[in-house]
Amino acid sequence: MLAVFLWLLAAAVFIIIELVTLGLTSIWFAGGAIIAGIGAAFNIGFIGQLLLFAVVSVLLLIFTRPWATKHMMNRTVKTNVDSLIGKQAQVKEEIDNKKGQGTAVINGQEWMARSENDDNIIPVGTNVTIQRISGVKLIVK
Numbered sequence: 793m794l795a796v797f798l799w800l801l802a803a804a805v806f807i808i809i810e811l812v813t814l815g816l817t818s819i820w821f822a823g824g825a826i827i828a829g830i831g832a833a834f835n836i837g838f839i840g841q842l843l844l845f846a847v848v849s850v851l852l853l854i855f856t857r858p859w860a861t862k863h864m865m866n867r868t869v870k871t872n873v874d875s876l877i878g879k880q881a882q883v884k885e886e887i888d889n890k891k892g893q894g895t896a897v898i899n900g901q902e903w904m905a906r907s908e909n910d911d912n913i914i915p916v917g918t919n920v921t922i923q924r925i926s927g928v929k930l931i932v933k
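Dropping the structure here:
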């Protein structure tokens with residue numbers, strides 16, 4: 793009976809860790825601990841309990857984490873510069889990577905800008921799409 797209590801205690805600890813971190817990191821182990829506790833209640837030996845814990849934890853991780861991540865973590869809102877990726881900017885100063893020059897304006901803010909392709913020269917007034925951000929430079933196409 794002590795083993796059942798210890799497994800349930802372990803499950804509670806894993807659940808508390810999950811509630812504190814909210815990172816979908818330890819909930820899988822809580823499920824494994826609960827199943828191992830059930831195995832202990834049916835007098836499965838300690839090695840069997842450990843195997844139940846490991847197998848169930850890994851199976852839960854493999855089969856439910858992608859679903860949980862998709863449905864639980866989809867409320868993440870891009871902030872700051874990440875929200876600029878994929879948006880349009882207007883070239884204010886000709887973008888020429890070989891000369892190390894170029895600026896673009898987005899949301900009223902002027903950014904240093906470089907072309908995704910070093911051979912492309914992008915003239916003033918062109919609308920470009922932001923591909924990524926490298927340091928303080930927009931990488932555009």
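The numbering of the sequence shown is the working numbering, which starts it at 793 and goes up by one. The beta carbon of each residue, even a glycine, is placed where N, CA and C say it ideally should be.
Point to revise | Between the CA atoms of Val897 and Ile914 - distance to the nearest angstrom | key: As the crow flies, the alpha-carbon of Ile914 is around 14 Å from that of Val897.
Check your understanding: Can you tell me where the alpha helix (DSSP H) with Glu810 in it begins and where it stops?
Key -> In the DSSP annotation of this structure, the continuous segment of the alpha helix (DSSP H) that includes Glu810 starts and ends at Leu794 to Thr813.
Check your understanding: Just checking, does the segment 877–884 make contact with the segment 910–926 on the three C-beta pairs under 8 Å criterion?
Key -> Short answer: they touch.
**Study point:** Among Thr817, Ser907, Gln901 and Ile826, nearest to Leu843 - alpha-carbon criterion
**Key:** Considering only alpha carbons, the answer is Ile826.
Check your understanding: Roughly how many angstroms separate the alpha carbons of Phe806 and Trp820, rounded to a whole number?
Key -> Computed Cα separation, rounded: 8 Å.
Check your understanding: Could you check where the beta strand (DSSP E) with Ile750 kicks off and where it finishes?
Key -> Outside the modelled stretch of the chain, which goes from 793 to 933, sits residue 750, for which no answer is possible.
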